[in-house]
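Have a look at the structure below, then the notes.
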Amino acid sequence: MKLIEYKLVTDLSTWHGVCPGATPQSCGTIGAMKKVHVVFHDGGGGHRNAAVALQTVIGQQQRDWQIELIQFQDLTDRLDVLRKVAGISIQQQYNILLQNGWTLGSTYLLRVLQATIRVFHRPLVNLLERFWREKPADLLISVIPHFNRQICESWTKVYPGRPFVTIITDLADFPPRFWIEPIKDQYVIAGTAKAADQARSMGHDDAHIFLTSGMILRPDFYLEGNSDPLELRKEIGLRSDLPTAIVLFGGHGSKVMYDITERLNATGLPLQLILICGRNEELAAKLRARQWKLPNHVVGFTKEVHRLMRAADFLIGKPGPGSIAEAMVRKLPVLIECNAWTLPQERYNAEWVTEKGVGIVLKSFEDVAEGVKRMLDPASLVEFRRNVAAQENRAVFEIPEILAKLLGEPGAELRSRTPAPVATHTL
0 MKLIEYKLVT DLSTWHGVCP GATPQSCGTI GAMKKVHVVF HDGGGGHRNA
50 AVALQTVIGQ QQRDWQIELI QFQDLTDRLD VLRKVAGISI QQQYNILLQN
100 GWTLGSTYLL RVLQATIRVF HRPLVNLLER FWREKPADLL ISVIPHFNRQ
150 ICESWTKVYP GRPFVTIITD LADFPPRFWI EPIKDQYVIA GTAKAADQAR
200 SMGHDDAHIF LTSGMILRPD FYLEGNSDPL ELRKEIGLRS DLPTAIVLFG
250 GHGSKVMYDI TERLNATGLP LQLILICGRN EELAAKLRAR QWKLPNHVVG
300 FTKEVHRLMR AADFLIGKPG PGSIAEAMVR KLPVLIECNA WTLPQERYNA
350 EWVTEKGVGI VLKSFEDVAE GVKRMLDPAS LVEFRRNVAA QENRAVFEIP
400 EILAKLLGEP GAELRSRTPA PVATHTL
């Protein structure tokens with residue numbers, strides 16, 4: 000971040016206690032860099048990725064904002080009932096469920112979690128109020144679900160009039176009490192028309208709803224790079240002449256990746272795989288330990304997903320909003336599944352893939368071999384690629400413009416209800 004620029008303060012919200020009870024005239028010139036808090040957690044990888052993406056692009060645009068990322072689990076840990084009973088946090092339990100595919104009945108578990116949050120509503124609000132008083136800011140952003148009522152209520156009580164923004168990191172809400180709350184002080188940034196319509200149905204007016212052209216992603220996914228995809232395949236030990244699938248199941252991987260590899264290995268299809276296991280070291284070791292007929296490259300946790308996608312022709316994975324959005328930006332069709340084991344908030348994503356014609360949705364990865372055959376059909380692949388090319392997601396560059404207006408910055412153009420705003424800042 001650049002150094003604070005000293006200038007005459009005309010907005011009391013920028014003082015942060017430097018001159019309590021004073022006027023701009025009596026206080027003179029003080030540091031006026033805007034402070035922005037972004038609340039995230041590590042239940043899955045998408046929420047941290049969204050927070051870091053926003054922090055990164057704001058830094059690249061050299062805005063006079065001080066961005067602080069706040070880990071919600073750490074902040075509220077002493078109220079975590081699951082940790083008290085089982086010794087692990089809610090976000091850790093969530094990631095264990097994803098890694099092992101224990102997601103059948105997840106709708107019921109989700110509603111139990113939400114009921115627990117309601118029971119602890121007042122202690123949560125009180126805890127958050129104390130934190131906000133100690134950590135003042137001009138703008139508060141949430142990139143997490145479930146807790147937006149508590150975050151908004153506590154924030155607006157301590158700082159009435161200062162904006163609270165929820166950036167939805169799913170393609171749609173899963174009401175009630177998931178992303179969008181029926182509270183007038185919540186601004187909603189939605190990446191699809193469906194999510195924006197859901198906000199309206201919850202009672203939000205157009206002044207509180209902003210429609211971007213997609214999901215927020217790290218800016219490096221927009222870098223073209225100068226490496227040839229075929230040469231990149233050789234660089235990671237793969238053949239340049241074989242169709243290549245990148246297999247990605249979020250930041251914590253999934254044991255289903257091993258099953259997918261086994262099924263494809265048995266087919267004899269002309270195919271090779273890039274297997275990204277994330278923080279699931281046990282899965283990565285298991286994949287590396289076996290001798291496969293199918294050429295493959297196994298990767299653990301990496302920040303080079305955007306680069307590895309350049310070596311692929313399509314993506315195989317769960318219907319997570321982040322993976323799908325990343326594939327669209329890197330111009331890759333997707334092969335996903337949707338069934339009773341699919342997380343309820345991700346089921347609409349499969350509908351979106353079908354509606355846009357950007358990939359194949361299977362009922363089960365038991366049929367992955369047939370799905371890959373369909374994907375590799377030349378006519379089908381051409382159509383999928385054409386439809387993927389029509390998706391233009393510039394959300395990470397659009398959102399700072401929305402925030403600038405909410406912060407009252409002069410010259411910031413507020414674009415509400417715009418289907419696909421044109422980004423004014425690019426890499």
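According to numbering that gives the first Met the number 0, the stretch in the sequence shown is residues 0 to 426, in order. In this text, a Cβ means the ideal position worked out from N, Cα and C, and glycines have one as well.
Check                                                                                                                                : Outcome
Glu369 versus Leu170: straight-line alpha-carbon distance, rounded                                                                   : 27 angstroms
Span of the alpha helix (DSSP H) around Ala49                                                                                        : Gly45 to Gln59
Beta carbon of Ile150 nearer than 8 angstroms to that of Ile398                                                                      : no
Supposed contact pair Ile143 and Phe71 - C-beta distance, whole angstroms, cut 8 angstroms                                           : 6 angstroms
Beta-bridge pairing of Tyr451 - partner residues as DSSP gives them                                                                  : In this structure the chain extends from 0 to 426, so residue 451 is not present and cannot be described.
Where Gln290 sits in the DSSP three-state scheme                                                                                     : coil
Where Leu170 falls: helix, strand or coil (DSSP)                                                                                     : coil
Beta-carbon proximity check, Gly358 vs Thr168, cutoff 8 angstroms                                                                    : no
Beta-carbon separation (whole angstroms), Ala244 vs Ile315, contact threshold 8 angstroms                                            : 5 angstroms
Length of the line joining the Cα atoms of Gln113 and His145                                                                         : 7 angstroms
CB-CB length for Leu286 against Val304, believed under 8 angstroms                                                                   : With a Cβ gap of about 17 angstroms, Leu286 and Val304 do not count as contacting.
Start and end residues, alpha helix (DSSP H) containing Val352                                                                       : Arg346 to Lys355
Span of the beta strand (DSSP E), counted from its first residue to its last, around Glu275                                          : The question names Glu, but residue 275 in the sequence shown is Ile. First-last of the beta strand (DSSP E) with Ile275: Gln271 to Ile275.
Option nearest Asn338 by Cα separation, candidates Arg148, Lys330, Phe364 and Met327                                                 : Phe364
Of the residues Ile57, Arg329 and Trp340, the one placed nearest Asn392, counting alpha carbons only                                 : Arg329
Ala194 classed as buried or exposed, judged by whether at least 16 other C-beta atoms fall within 10 angstroms                       : buried
Helix, strand or coil at Ile116 according to DSSP, with G and I counted as helix                                                     : helix
Runs of beta strand (DSSP E) lying entirely within the segment 229-263, each at least 3 residues, in chain order                     : 243-247
Pick from Asp196, Arg217, Asp219 and Pro218 that is closest to Phe209, judged by C-alpha positions                                   : Asp196
Cα-Cα separation, Leu334 to Ser226                                                                                                   : 25 angstroms
Best match in Leu108, Leu138 and Val56 for proximity to Ile34 [C-alpha to C-alpha]                                                   : Note on residue identity: the sequence assigns Lys, not Ile, to residue 34. Answer by Cα proximity: Leu138.
Pro429 and Leu68 closer than 8 angstroms at C-beta                                                                                   : Because the chain spans 0 through 426 in this model, residue 429 falls outside it and cannot be assessed.
Top-ranked residue by Cα proximity to Lys302, from Phe163, Glu223, Asp219 and Glu354                                                 : Asp219
Same chain only: Cβ atoms within 8 angstroms of Leu282, ignoring 5 sequence neighbours per side                                      : Gln98, Gly252, Ser253, Lys254, Met256, Tyr257 and Cys276
N-terminal and C-terminal residue of the beta strand (DSSP E) that Gly213 is part of                                                 : Careful: Gly213 lies outside any beta strand (DSSP E) and carries neither H nor E.
Under 8 angstroms between C-beta atoms of Leu375 and Glu336                                                                          : no
Distance between Ile401 and Arg121 (C-alpha atoms, nearest Å)                                                                        : 31 angstroms
Range covered by the beta strand (DSSP E) that runs through Gln70                                                                    : Trp64 to Gln70
Beta carbon of Pro427 nearer than 8 angstroms to that of Val387                                                                      : Any answer about residue 427 is impossible in this case: the structure gives the chain only from 0 up to 426.
CB-CB length for Leu263 against Leu270, believed under 8 angstroms                                                                   : 6 angstroms
Buried/exposed call for Pro318, threshold 16 Cβ in 10 Å                                                                              : buried
Beta-carbon contacts of Arg148 that lie in its chain and below 6 angstroms, excluding the five residues immediately before and after : Glu180
His305 - containing alpha helix (DSSP H), residue span                                                                               : Val304 to Leu307
Local conformation of Gly319 per DSSP, three classes                                                                                 : coil
Backbone secondary structure at Asn295 - three-state DSSP                                                                            : strand
Residues near Arg373 by beta carbon distance below 7 angstroms, same chain, minus five either side                                   : Ile359 and Ser379
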